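Data first, discussion second: the structure below is written as structure tokens.
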Amino acid sequence: MNDHENKVEDEGFSLKLLQGGNPEEFSRLVNMYSSKIYRLAIKMLNQQQDAEDVLQETFLKAYRGLMSFDGRSKLSTWLFRIATNEALMILRRKHPDFLSIDESIETEEGEQEPVQIIDWCCLPENEFLSEETRKLLDAAVQTLPESLRVVFILRDINNLSTHETAEVLGLSDTAVKTRLSRARLRLREELSAYFGERVNVIREAQRNESIEISSRSGEKLFLRSKGEDENG
Amino acid sequence: MDETKKKHEHKDCRKLLGSLSEYVDGELNEELCFVLEQHMEDCEDCKIVVDTLRKTVNIYHMTAETGALPGDIQQRLYKSLNIEEYLE
Chain Y
1005 MNDHENKVED EGFSLKLLQG GNPEEFSRLV NMYSSKIYRL AIKMLNQQQD
1055 AEDVLQETFL KAYRGLMSFD GRSKLSTWLF RIATNEALMI LRRKHPDFLS
1105 IDESIETEEG EQEPVQIIDW CCLPENEFLS EETRKLLDAA VQTLPESLRV
1155 VFILRDINNL STHETAEVLG LSDTAVKTRL SRARLRLREE LSAYFGERVN
1205 VIREAQRNES IEISSRSGEK LFLRSKGEDE NG
Chain B
2 MDETKKKHEH KDCRKLLGSL SEYVDGELNE ELCFVLEQHM EDCEDCKIVV
52 DTLRKTVNIY HMTAETGALP GDIQQRLYKS LNIEEYLE
């Protein structure tokens, strides 16, 4: 067994069976990576039909291309590369002014300075798990330029390492780190705008509640000063 | 706080901004890590940016794990690849 076969074995597959067209082994490959490929596509394209096309096309191309798969990268990296190219092709078709993933953005001015400085980490956990939050998270990813979005999805949503992401995109590790940093900082801004507002809403509610409790317990001094405020 | 100090701190924040992402991953080199942590002791703004950046990444990690492939999409995929009989 050579090194390349070893790599595939490490992922739990037999390159011999896959290249021999064994449908059971191929279906194991599909089962293992289809949800990650779909997730990449849907987050990139934000459109179910397009994402489904990318998913099917990725595995069709993989099936046809398995004989020439050289095993120098992991199977997953190879599949992500096919899927990314498919997704970028759809984006280019839809937005002809699209910035190429290879185009260097590292020369542009550095990160945007943080604008939102409010600590919202203290919010109750269920705030982060609501359906509304899920929509916000997806919408925030869509605001990223494609060159940053694809890096963020591979690293933080599909959990690839910096090096694997670099291999998928044909970028250097440093370029991946720079793009990931910019993507995360932009997303932090988007999330801070929303959750910062939630912090204010909750604080306001708590303040009102304490006013109510105070007034119920008959704190005359407090009521008087509130009354004065209301009367200007 | 006098103006000179304010300006100086702001310049440091700008310089450190590019290191924050690696810092929250625990991958920042020791030297820069030390500089950043020293800076955060006096800079509440940077501390908030780091905390909320870490939380941002955590929330995405947390919500990403639950996304399984929808059943109808899985079925159509297996059909298009002619491997329906292996559908679990």
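Going down the list, the sequences are from chains Y and B.
Its first residue numbered 1005, the first sequence is counted upward by one per residue in this note's numbering.
Its first residue numbered 2, the second sequence is counted upward by one per residue in this note's numbering.
A virtual CB, placed ideally from N, CA and C, is assigned to each residue, including glycine.
Keep in mind it's a predicted model, so treat the numbers as computed, not measured.
Inter-residue Cα distance where the pair is residue i and residue j
{"i": "ILE1157(Y)", "j": "LYS1047(Y)", "result": "7 Å"}
{"i": "ILE1086(Y)", "j": "TRP1124(Y)", "result": "39 Å"}
{"i": "LEU1079(Y)", "j": "GLY1174(Y)", "result": "16 Å"}
{"i": "ASP1074(Y)", "j": "ASN1010(Y)", "result": "12 Å"}
{"i": "GLU1110(Y)", "j": "THR1182(Y)", "result": "Legend: pLDDT at GLU1110(Y) = 48, less than 50; position of this residue unreliable, no value from coordinates given."}
{"i": "GLY1231(Y)", "j": "SER1219(Y)", "result": "Residue placement at GLY1231(Y) is flagged as unreliable, the pLDDT there being 45, under the threshold of 50; the coordinate-derived value follows with that caveat. Cα to Cα, GLY1231(Y) sits roughly 11 Å from SER1219(Y)."}
{"i": "SER22(B)", "j": "CYS14(B)", "result": "14 Å"}
{"i": "HIS62(B)", "j": "ILE1161(Y)", "result": "6 Å"}
{"i": "SER1012(Y)", "j": "VAL51(B)", "result": "The amino acid occupying residue 1012(Y) in the given sequence is Val; Ser does not appear at that position. Going from the Cα of VAL1012(Y) to the Cα of VAL51(B) covers about 38 Å."}
{"i": "GLU1201(Y)", "j": "LEU1095(Y)", "result": "33 Å"}
{"i": "VAL1058(Y)", "j": "GLU1194(Y)", "result": "28 Å"}
{"i": "ARG1216(Y)", "j": "ALA1209(Y)", "result": "According to the sequence shown, residue 1216(Y) is Glu rather than Arg. Approximately 11 Å between the Cα atoms of the pair."}
{"i": "SER1176(Y)", "j": "GLY1016(Y)", "result": "27 Å"}
{"i": "LEU1070(Y)", "j": "PRO1118(Y)", "result": "46 Å"}
{"i": "GLY72(B)", "j": "GLU89(B)", "result": "10 Å"}
{"i": "GLU1234(Y)", "j": "SER1214(Y)", "result": "Residue confidence is low: GLU1234(Y) scores 45 on pLDDT, short of 50, so the model does not pin down where it sits. Its coordinate-derived value is still stated next. Spanning the two alpha carbons is a distance of roughly 17 Å."}
{"i": "THR1081(Y)", "j": "LEU1049(Y)", "result": "20 Å"}
{"i": "VAL1155(Y)", "j": "ILE1206(Y)", "result": "34 Å"}
{"i": "GLU31(B)", "j": "HIS40(B)", "result": "14 Å"}
{"i": "THR1147(Y)", "j": "ASP46(B)", "result": "24 Å"}
Proximal chain A residues relative to residue i, where beta-carbon distance stays under 8 Å
{"i": "ARG1192(Y)", "result": "The structure shown contains no chain A; its protein chains are Y and B."}
Exposed unless 16 or more other CB atoms sit within 10 angstroms - verdict on residue i
{"i": "LYS56(B)", "result": "buried"}
{"i": "GLN1060(Y)", "result": "buried"}
{"i": "ALA69(B)", "result": "exposed"}
{"i": "SER1185(Y)", "result": "buried"}
{"i": "ILE1122(Y)", "result": "exposed"}
{"i": "SER1072(Y)", "result": "exposed"}
{"i": "LYS80(B)", "result": "exposed"}
{"i": "PHE1084(Y)", "result": "buried"}
{"i": "ARG1153(Y)", "result": "buried"}
{"i": "ALA1055(Y)", "result": "buried"}
{"i": "THR1088(Y)", "result": "buried"}
{"i": "LYS1098(Y)", "result": "exposed"}
{"i": "LYS1040(Y)", "result": "buried"}
{"i": "GLU1171(Y)", "result": "buried"}
Nearest-angstrom beta carbon gap, residue j and residue i [assumed within contact, 8 Å]
{"i": "SER1031(Y)", "j": "TYR87(B)", "result": "4 Å"}
{"i": "CYS1127(Y)", "j": "VAL1203(Y)", "result": "Per the sequence presented here, residue 1127(Y) reads as Leu, with Cys not at that position. With a Cβ gap of about 6 Å, LEU1127(Y) and VAL1203(Y) count as contacting."}
{"i": "ILE74(B)", "j": "TYR1042(Y)", "result": "7 Å"}
{"i": "SER1196(Y)", "j": "GLN1116(Y)", "result": "Going by Cβ atoms, the distance from SER1196(Y) to GLN1116(Y) rounds to 13 Å, so no, they are not a contact pair."}
{"i": "PHE1063(Y)", "j": "ILE60(B)", "result": "At roughly 30 Å, the Cβ-Cβ gap does not stay under 8 Å, so PHE1063(Y) and ILE60(B) are not in contact."}
{"i": "ILE84(B)", "j": "PRO1027(Y)", "result": "5 Å"}
{"i": "ARG1192(Y)", "j": "LEU29(B)", "result": "About 17 Å; that fails the 8 Å criterion."}
{"i": "ARG1138(Y)", "j": "THR64(B)", "result": "6 Å"}
{"i": "ALA1033(Y)", "j": "LEU1022(Y)", "result": "Checking the sequence, you will find Leu at residue 1033(Y) rather than Ala. Indeed, because the Cβ distance is near 7 Å, the residues count as touching under 8 Å."}
Partner residues on chain B for residue i, Cβ-Cβ distance less than 9 Å
{"i": "TYR1067(Y)", "result": "LEU82"}
{"i": "LEU1195(Y)", "result": "THR53, LYS56, THR57, ILE60"}
Contacts of residue i in chain B (Cβ-Cβ under 8 Å)
{"i": "VAL1020(Y)", "result": "It should be pointed out that residue 1020(Y) corresponds to Lys in this sequence rather than to Val. Ordered by position in chain B, no residue passes the 8 Å Cβ test against LYS1020(Y), which lies about 18 Å from the chain."}
Residues that residue i contacts on chain Y, provided the C-beta gap is smaller than 9 Å
{"i": "GLU38(B)", "result": "Under the 9 Å cutoff, chain Y gives no residues; its nearest Cβ is about 18 Å from GLU38(B)."}
{"i": "LEU78(B)", "result": "VAL1034, SER1038, TYR1042, GLU1056, LEU1059, GLN1060, PHE1063"}
Residues that residue i contacts on chain Y, provided the C-beta gap is smaller than 7 Å
{"i": "GLY27(B)", "result": "Ordered by position in chain Y, no residue passes the 7 Å Cβ test against GLY27(B), which lies about 13 Å from the chain."}
{"i": "LEU70(B)", "result": "SER1038, SER1039, TYR1042"}
{"i": "GLU32(B)", "result": "In chain order: nothing, as chain Y lies at least about 17 Å away."}
Residue i: CB within 7 Å of a non-hydrogen atom of the ligand HEM
{"i": "SER1038(Y)", "result": "Here there are no bound small molecules, and the ligand HEM is not part of this structure."}
Chain-ordered chain Y contacts of residue i [CB-CB under 8 Å]
{"i": "LEU18(B)", "result": "GLY1114, GLU1115, GLU1117, PRO1118, LEU1189"}
{"i": "GLN75(B)", "result": "SER1038"}
{"i": "ASP46(B)", "result": "PRO1118, ILE1121"}
Where residue i meets chain B, residues with beta-carbon distance less than 7 Å
{"i": "PHE1030(Y)", "result": "ILE84"}
If you measure beta-carbon to beta-carbon, which residues of the stretch 1200-1221 of chain Y are closer than 8 Å to chain B? none
Interface positions of the stretch 1158-1173 of chain Y facing chain B (Cβ-Cβ less than 7 Å), listed along the chain: ASP1160, ILE1161
Going along the stretch 1174-1189 of chain Y in order, which residues come within less than 8 Å of chain B, judged by CB to CB distance? LYS1181, THR1182, LEU1184, SER1185, ARG1188, LEU1189
Taking Cβ-Cβ distances below 8 Å as the criterion, which residues of the stretch 1125-1152 of chain Y are in contact with chain B? CYS1125, PHE1132, LEU1133, THR1137, ARG1138, LEU1141
Please list the residues of the stretch 1041-1061 of chain Y that have a C-beta atom closer than 7 Å to any C-beta atom in chain B, keeping them in chain order. TYR1042, ARG1043, GLU1056, LEU1059, GLN1060
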